[in-house]
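Peer 1: Pasting a structure here, questions to come.
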Ligand SMILES: [Zn+2]
Ligand SMILES: [Zn+2]
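Numbering (this note's numbering), first residue to last: 3 to 452.
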């Protein structure tokens, strides 16, 4: 996407004709086969299938039977740079994003060092300009070193390019500190995003506290650890007329707290991850550390509440919380493994396979919620319409693949969907007008003809 607060390698705009794909964009009311001509990185023309001639200076992609969506935006990824490039970096993380159909991602600041001052953010932006394959936006931390005490220079960080602030990975435990951050937000702008948990309730829990944790004899993280903090911080946002975004909601109680806050007119928004929308703590029985994340996978009642909230809009968007970890870190007993799953390459196929195909959620809602995350931070939303910058992904909904069988584009492999057969393969991603991803099978099959 084109925005002065998104950063990537400068690339020439693509010229290509995507012929006859079923175009689905809930925002422009498009839901029919169309030819879509992209010229110099912009959507130049739409027309009935077969009506647009191949451009002289570009290529034509035969796409009948495939689907063309506005490309996805992920407001919550961990690219692990600076400091942990053995897990991921700007190049591999944004390549994984492009492979998943994303045209923009927002990176979290819990790196080493933490993105808590202007020079670190500036150098990260410079790195993105030379390495990022799709545009990246950055959040800075709320508190110095994520320590929960002293606020960062939020105004300065916002001026340099931070879209907002989060201590993600950790909650802001002190209500006083958050209140002060909300007061600064009034002066400097930017969304405050919150990873909600009360450490006094989470303690040393490693999974959802419920029947499964009791049977396994594992320390649990109760749902109230999250929901009490959501309720508290919604109240603080209301008191200061602040703007907060709740990250990775996992349970029914949090959904209820967000719904109440929205009804009261408080400026809150919320996200949910594909894994919380499709999996439950039942899969933790395998003791597979790929199933360990924070917040943990919860009960099926929680999962269903998240799906319903996504449908109604109480939850505004999907966010992967893409959290790469090295093999040696995850290949330890469940209790000792770090929390997190990668998710960029499987986000759409997981939601399509587990929710759309069984009829739990409409495809249009999934597309809407997978593209709305940037707007919550003030970024433009990808749209398929004449004159718009080209941010689209071409998907074969009939194509199946086994997750992990061909490896991952991400540098890490800790994917909670490993081994599952998912439907919906991304074939091409155009991000900010440039072709950021093209599936190998498509390139090899010669499906692209000039
Ligand atoms: Zn988090
Ligand atoms: Zn996170």
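Don't be surprised by glycine CBs; every beta carbon is placed ideally from N, CA and C.
Compare the Cα-Cα distances from residue 75 to each of 442, 87, 441, 432 and report the closest residue.
Peer 2: Closest by alpha carbon: 432.
Peer 1: Within its chain, find whatever has a CB closer than 7 Å to the CB of residue 191; leave out the 5 residues flanking it on each side and keep chain order.
Peer 2: Within the same chain, residue 191 has close Cβ partners 160.
Peer 1: Once DSSP output is grouped into helix, strand and coil, what is the label at residue 229?
Peer 2: Residue 229 falls in the helix class under three-state DSSP.
Peer 1: Would you kindly check if the distance between the Cβ of residue 246 and the Cβ of residue 195 is under 9 Å?
Peer 2: A contact, by the Cβ cut-off of 9 Å.
Peer 1: Do residue 395 and residue 71 come within 9 Å of each other at the CB atom, strictly closer than that value?
Peer 2: Cβ distance < 9 Å, so residue 71 and residue 395 count as in contact.
Peer 1: Taking a contact to mean a Cβ-Cβ separation below 9 Å, would you say residue 283 touches residue 300 in this structure?
Peer 2: Yes.
Peer 1: Apply the 10 Å Cβ neighbour rule to residue 294 and answer buried if 16 or more other Cβ atoms are within range, or exposed otherwise.
Peer 2: Residue 294 is buried by the Cβ-count criterion.
Peer 1: Which residue wins for smallest C-alpha separation from residue 20, given the options 12, 345, 55, 8?
Peer 2: Per the Cα distances, 55.
Peer 1: Between the Cα of residue 255 and the Cα atoms of 226, 36, 88, 334, which residue gives the shortest distance?
Peer 2: Residue 226 is the option with its Cα nearest to residue 255.
Peer 1: Here's a check: name, in chain order, each residue in its chain whose Cβ is nearer than 7 Å to the Cβ of residue 387, leaving out the five neighbours to either side.
Peer 2: Closer than 7 Å at the Cβ level, and outside the excluded window around residue 387, lie 30, 45.
Peer 1: For residue 244, which residues of its own chain have a beta-carbon under 6 Å away from its beta-carbon, when the five flanking residues on both sides are left out?
Peer 2: Contacts found: 184, 187.
Peer 1: Locate the alpha helix (DSSP H) running through residue 190, then write down its first and last residues.
Peer 2: It spans 177-190 - the alpha helix (DSSP H) in which residue 190 sits, taken as one unbroken run.
Peer 1: From the DSSP output, in three-state form, read off residue 273 for me.
Peer 2: Reduced to three states, the DSSP call for residue 273 is strand.
Peer 1: For ligand 2, any of its heavy atoms closer than 8 Å to the Cβ of residue 171?
Peer 2: Result yes, Cβ under 8 Å from ligand 2.
Peer 1: Between the region 195-211 and the region 421-430, do at least 3 Cβ pairs fall closer than 8 Å?
Peer 2: Output reads no: the region 421-430 does not touch the region 195-211.
Peer 1: At the level of alpha carbons, what is the spacing between residue 95 and residue 412?
Peer 2: Their backbone Cα atoms lie some 6 Å apart in a straight line.
Peer 1: Ignoring anything shorter than 4 residues, give me the alpha helix (DSSP H) runs that lie fully in the region 275-348, in order along the chain.
Peer 2: Here the runs fully enclosed are 276-280, 302-314, 329-332.
Peer 1: Just mark residue 59 as buried or exposed, buried being the case when its beta carbon has 16 or more other beta carbons within 10 Å.
Peer 2: Per the 10 Å Cβ criterion, exposed.
Peer 1: Touch check for the region 171-181 and the region 146-156: three-plus C-beta pairs under 8 Å?
Peer 2: Because the criterion of three Cβ pairs below 8 Å is met, the region 171-181 and the region 146-156 touch.
Peer 1: Check whether the Cβ atoms of residue 14 and residue 68 sit closer than 9 Å, and answer yes or no.
Peer 2: In this structure, residue 68 does not lie closer than 9 Å to residue 14 by Cβ.
Peer 1: Please report the straight-line C-alpha distance between residue 450 and residue 63, rounded to a whole angstrom.
Peer 2: Reliability fails at residue 450, whose pLDDT of 43 lies under 50, so the model's placement of it is uncertain and no value is given.
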